[in-house]
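Here's the structure we're looking at; comments come further down.
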Amino acid sequence: MRWTKLGIIMGGGALPLRLADACANQGRPFVAIRLTGFADPAAEAYDGPEIHLGEAGKLARILKDTGCDAVTLAGIVPRPDFSSLRLDWRAAALLPRLLAAAARGDGALLDVIVDAFEGEGYKVIGADEIAGDLAVPEGPLGAVAPSDDDREDIRKAARVIAALGPFDVGQAAAVAGGLVLAIEAAEGTDDMIARIASMPASIRSGAPRRGVLVKRPKPGQELRVDLPTIGVKTIEGAIAAGLAGVAVEARRSLLMDADEAIAAADAAGLFIFGFRPEDVA
């Protein structure tokens with residue numbers, strides 16, 4: 001065990017809850033720290049404090065007073081409007097670095113946050129280290145496997161994401177028959193998939209269930225925070241968009257509610273696939 005006590009800083013969605021469950025089941029001491037306005041109401045089941053964005057000083061006191069020597073950042077927190085945040089003195093001191101990083105992209109912003117925690121002596125722990133069962137394995141996860149044409153689309157989409165890495169764009173792209181349908185930007189994966197669903201079928205080559213959504217880490221991405229994540233909502237979106245499947249980089253991506261997601265994909269004839277980096281190089 002690399003840490004004594006873990007502070008789980010909880011944004012939205014199910015991931016923070018899964019990490020808390022994993023710690024509880026493994027007997028690992030933790031403190032659930034809920035972000036006001038973001039954390040799932042179910043997080044209140046865990047005894048722990050609540051903080052607002054901008055309360056860096058309060059967070060520092062909580063971590064110190066509870067004896068945490070490590071933190072994990074989990075869940076959905078949309079990019080804030082920094083001008084509207086109420087910052088305490090510690091957050092205000094960090095603001096110039098945050099603003100400069102935000103202009104470069106979300107990855108740069110997260111790097112500053114990670115550096116700040118490490119500068120205070122905390123270990124930053126990735127979700128995959130806490131709940132390894134969430135990491136996507138290699139190969140097809142359900143009854144459906146990608147065709148040779150699908151694999152070519154996976155390869156192209158993965159290369160697009162890699163090529164855009166220096167620009168700190170998104171972690172997702174969709175390709176159908178060699179045509180790039182969409183690239184994730186500031187809107188996020190779900191809205192990107194919705195854009196695909198609104199396109200004429202002819203743009204997706206006119207074939208039913210054609211095209212692949214691919215998610216992978218950006219080159220140079222800090223893997224301890226913001227690992228590419230898919231779940232039931234991703235699969236349902238891909239089904240509605242008429243895609244043939246969803247592919248993610250194996251061992252460096254997370255799948256939430258795997259049984260439910262795989263069942264939904266199998267029922268629709270859609271594949272979920274974990275690819276190796278060398279398969280798309």
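Under this note's numbering, the residues of the sequence shown are numbered 1 to 281, in order.
Virtual Cβ for every residue (Gly too), placed ideally from N, Cα, C.
Which complete beta strand (DSSP E) runs does the region 116 to 146 hold, if anything under 3 residues is left out?
none
Taking the CB atoms as reference points, tell me whether Ala265 and Gly142 lie closer together than 8 Å.
yes
Reference Trp89, options Leu53, Arg104, Gly67, closest by Cα:
Leu53
Alpha helix (DSSP H) runs contained entirely in the region 146 to 197, provided each spans 4 or more residues
Counting only runs of 4+ residues, the alpha helix (DSSP H) found wholly inside the region 146 to 197 occupies 148 to 163, 189 to 197, in chain order.
Sequence-distant residues of the same chain with beta carbon closer than 8 Å to Asp168, five excluded per side:
Arg104, Gly105, Asp106, Gly107, Ala108, Lys218
In its own chain, which residues sit with a C-beta less than 7 Å from the C-beta of Asp111, not counting the 5 before and 5 after it?
Ala101, Glu222
CB Ile239 to CB Ala263, shorter than 8 Å?
no
Quick one, are the C-beta atoms of Leu212 and Leu243 less than 8 Å apart?
Residue 212 is actually Val in this sequence, not Leu. It is a contact, given that the beta carbons lie within the stated cut-off.
Relative to the alpha-carbon of Ile76, which residue among Gly245, Glu118, Thr36 has its alpha-carbon at the smallest distance?
Thr36
Quick one: complete beta strand (DSSP E) runs, 3+ long, within the region 55 to 122?
70 to 74
What's the gap between the Cα of Leu270 and the Cα of Gly11?
30 Å
Does the separation of the CB atoms of Leu134 and Thr72 fall below 8 Å?
No. Outside cutoff.
Starting from Ala247 and walking both ways along the beta strand (DSSP E), at which residues does that stretch end?
245 to 249
Could you give the distance in angstroms between the alpha-carbon of Ala60 and the alpha-carbon of Pro96?
19 Å
Near Glu55, which residues of its chain fall below 6 Å by C-beta distance, leaving aside the five closest residues on each side in sequence?
Asp88
If you run the structure through DSSP and keep just helix, strand and coil, what is Arg34?
strand
Give the straight-line distance between the Cα atoms of Gly177 and Val232, rounded to the nearest whole angstrom.
25 Å
8 Å contact criterion, which Ile154 and Leu181 should meet: CB distance rounded
In fact, because the Cβ distance is near 13 Å, the residues do not count as touching under 8 Å.
Quick one: give me the first and last residue of the beta strand (DSSP E) that Lys215 is part of.
Counting along the chain, the beta strand (DSSP E) containing Lys215 begins and ends at 212 to 215.
Member of Asp190, Ala39, Phe38 whose CA lies at the smallest distance from the CA of Ile230
Asp190
On the DSSP bridge assignment, give the partners of Gly274 in chain order.
Paired residue(s): Gly139, Val248.
Cβ separation of Gly13 and Val136, assumed to be a contact under 8 Å, to the nearest whole Å:
Not a contact, Cβ separation roughly 17 Å.
Does the beta carbon of Glu152 come closer than 8 Å to any beta carbon on chain D?
Absent from the structure is chain D; it holds one protein chain and no more.
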